[in-house]
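Protein chains: 2
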Amino acid sequence: MEDDSKQRLLQAAIQLFAAHGFESVSIRQIAKEAETNSAMISYYFGSKQKLYEAAIDAQAAALHEFLTPKTAELTPQEVFLRYAHTLQKIHVCNPTLLQFICREFAAPSAHFETFIQKRLHQVFLLLADALQRGIDEGIFRPDIEIVPTLVLWAGMVNFYYLSRNLHQRISPEAQACSEAAYMEHACKIFFAGIERRPAP
Amino acid sequence: MEDDSKQRLLQAAIQLFAAHGFESVSIRQIAKEAETNSAMISYYFGSKQKLYEAAIDAQAAALHEFLTPKTAELTPQEVFLRYAHTLQKIHVCNPTLLQFICREFAAPSAHFETFIQKRLHQVFLLLADALQRGIDEGIFRPDIEIVPTLVLWAGMVNFYYLSRNLHQRISPEAQACSEAAYMEHACKIFFAGIERRPAP
DNA sequence: GTCTATATTGCGATAGAC
DNA sequence: GTCTATCGCAATATAGAC
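Spelled out as structure tokens, the structure:
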């Protein structure tokens, strides 16, 4: 066994905290799920709170590999497409991440602040640069503003995942819309919305 | 005083549940905030759980007046503009609503299911109809699909509010983007993205 | 490293005085 | 209607045996 009890505890914690939130999950539940006992949480992590922070860190670490792309040689459109594609990969590899993010939207914790934030700022700069380049190069409309357009883009691609669980219940008669199909459709509309038009 | 203790308890509950979530808030905290005592929660609502449900109902009721628009005589674009404008009003009047919704996205409760869902379904039908009309009338592109386009639209307008708290922290150097300015910009891009183009 | 047993705290709910 | 006091329970954290 050794200290892979520690790993099992961390995995159980990620699972349970994501599903039910910090306060709704007891250390006994986590220990049971990890097939050990609650004393091991203090032993390995110090406290329930520290275990939660370790779970957040683990989720954030899983993001890291995705958030260091080289975009200098990409066209502006390719930067946005890359972002959409990366997001797909993140959510496939990391299905619990979204639940953490939802809770952090409701009440951001100190850990979210310091850890995720810097990375999101990097993404912001990257996309802002691509958008500006597109405008300068005459690919995108000159009358679009950077910040609102990026918020719009972030909303388009992220909201799909946020609302995914609810689609079936909000519109039972509509057949499900697959991830890839949605992203393709969204990109089509987004690019059509911001592209520069030839004067008629 | 009379039973406006009941009202004070409900208001305190909405405030605290929104800010910290159901499990993180104790009935003693709520009672203190409402300047009464925890026994009154049982007296008026039966239990903490029932008080939470009353808080959800109160939020949902605040939505109701907004969700019964007459849209038959509006153009397709006007239906979408009306939706965006309604959302603005909802969030101005109801600043805690979003936190409830975030938590429900993470882990939907039984109440959310039965209460909010029907209303969202109505909104879905309303917007789907407007979109189809726009396509049939040749205003919108014939190659857009209903469901992905509505998810995109919902993402565009709702994500602004979801992410609002984070804008400052993700991009401190960018000046804030006002609600009205964002909505106008988003609608501009959305309509440009789905409008039917004359062949060149 | 692992586990049981336990100390301590705080919870939700309620009985009963006023 | 309102409040205090308290019951019973479950929580986290930890001491100490192995």
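Protein sequences, first through last, are from chains X and Z. For the first sequence, the numbering used here assigns the number 13 to the initial residue and increments by one for each residue that follows. For the second sequence, the numbering used here assigns the number 13 to the initial residue and increments by one for each residue that follows. All residues carry an ideal CB built from backbone N, CA and C; glycine is no exception. The structure displayed is predicted, hence computed values, not measured ones.
Asked, Found
"Buried or exposed: which applies to Leu137(X), given that a residue is buried once 16 or more other Cβ atoms fall within 10 Å of its Cβ?", "exposed"
"What residues in the stretch 54-67 of chain X bring their beta carbon closer than 8 Å to a beta carbon of chain Z?", "none"
"Could you check what DSSP says for Phe127(X) in three-state terms: helix, strand or coil?", "helix"
"Could you tell me whether the Cβ atoms of Ser36(X) and Glu35(Z) are closer together than 7 Å?", "yes"
"Can you pull the chain Z neighbours of Leu132(X), defined as C-beta to C-beta under 7 Å?", "Ile182"
"At which residues does the alpha helix (DSSP H) containing Cys189(X) begin and terminate?", "It is not in any alpha helix (DSSP H) - Cys189(X) carries neither H nor E in the DSSP assignment."
"When you compare the CB positions of Ala118(Z) and Gln111(X), do they come within less than 7 Å of one another, or not?", "yes"
"Taking just the CA atoms, how far does Ile39(Z) sit from Ile53(Z)?", "7 Å"
"Distance cutoff 7 Å, beta carbons only. Does Cys189(X) sit that close to anything in chain Z?", "yes"
"What are the start and end residues of the alpha helix (DSSP H) that includes Val37(Z)?", "Premise fails: Val37(Z) is in no alpha helix (DSSP H) and is neither H nor E."
"Which chain X residues sit within Cβ distance under 8 Å of Ala31(Z)?", "Ala119"
"By Cβ distance, which residues of its chain are closer than 6 Å to Thr48(X), with the 5 residues on each side in sequence left out?", "Ser17"
"Could you pull out every unbroken alpha helix (DSSP H) segment of at least 4 residues lying fully inside the stretch 87-113 of chain X, listed in chain order?", "88-105"
"On the premise that Thr83(Z) lies in contact with Val91(Z), defined as a C-beta separation below 8 Å, what is that separation, rounded to the nearest angstrom?", "5 Å"
"Going by Cα to Cα distance, which pick from Ala31(X), Leu93(X), Glu149(X), Ala96(X) is closest to Tyr64(X)?", "Ala31(X)"
"Along chain X, which residues have their Cβ under 9 Å away from the Cβ of Arg161(Z)?", "For the record, residue 161(Z) in the displayed sequence is Thr; it is not Arg. The contacting residues are His197, Ala198, Ile201."
"Alpha carbon to alpha carbon, how far is Met195(Z) from Glu149(X)? Give it in angstroms, no decimals.", "26 Å"
"Below 8 Å CB to CB, which residues in the same chain sit around Val104(Z) once its five sequence neighbours on both sides are set aside?", "none"
"What does DSSP give as the partner residue(s) for Glu207(X) in the beta ladder?", "Phe152(X)"
"Out of curiosity, what's the CA-to-CA distance linking Ala43(X) and His197(Z)?", "50 Å"
"Give the straight-line distance between the Cα atoms of Phe203(X) and Ala211(X), rounded to the nearest whole angstrom.", "17 Å"
"Identify whether Gly58(Z) lies in helix, strand or coil by the three-state DSSP scheme.", "coil"
"Any residues in the stretch 142-157 of chain X with a beta carbon nearer than 9 Å to a beta carbon of chain Z? Which ones, in chain order?", "Arg153, Asp155, Ile156, Glu157"
"To which residues of the same chain is Arg131(Z) closer than 7 Å at the C-beta, ignoring the five residues directly before and after it?", "Leu75, Leu79"
"Of all the options Ile26(Z), Pro160(Z), Asp141(Z), Val135(Z), which has the alpha carbon lying nearest to the alpha carbon of Pro81(Z)?", "Val135(Z)"
"For Glu116(Z), count neighbouring C-beta atoms within 10 Å of its own C-beta (all shown protein chains included) and say buried if the count is 16 or more, exposed if not.", "buried"
"Given this structure, state the Cα-to-Cα distance separating Gln19(X) from Ile201(X), to the nearest angstrom.", "44 Å"
"State buried or exposed for Ser183(X), treating a residue as buried only when at least 16 other CB atoms are found within 10 Å of its CB.", "buried"
"So with CB distances below 8 Å, who are the chain X contacts of Cys114(Z)?", "Cys114, Arg115, Phe117, Ala118"
"I want to verify the contact list: residues of chain X whose CB lies under 9 Å from the CB of Gln41(Z), in sequence order.", "Result: empty, since nearest Cβ-Cβ is about 13 Å, beyond 9 Å."
"Could you tell me which chain Z residues have their CB closer than 7 Å to the CB of Leu174(X), listed as they occur along the chain?", "Phe117"
"In chain order, what residues of the same chain have a beta carbon less than 8 Å from the beta carbon of Arg153(Z), not counting five sequence neighbours either side?", "Ile147, Ile206, Glu207, Arg208, Arg209"
"Taking the alpha carbon of Tyr55(Z) as the point to measure from, which residue in Leu21(Z), Thr161(Z), Ala73(Z) has its own alpha carbon closest?", "Leu21(Z)"
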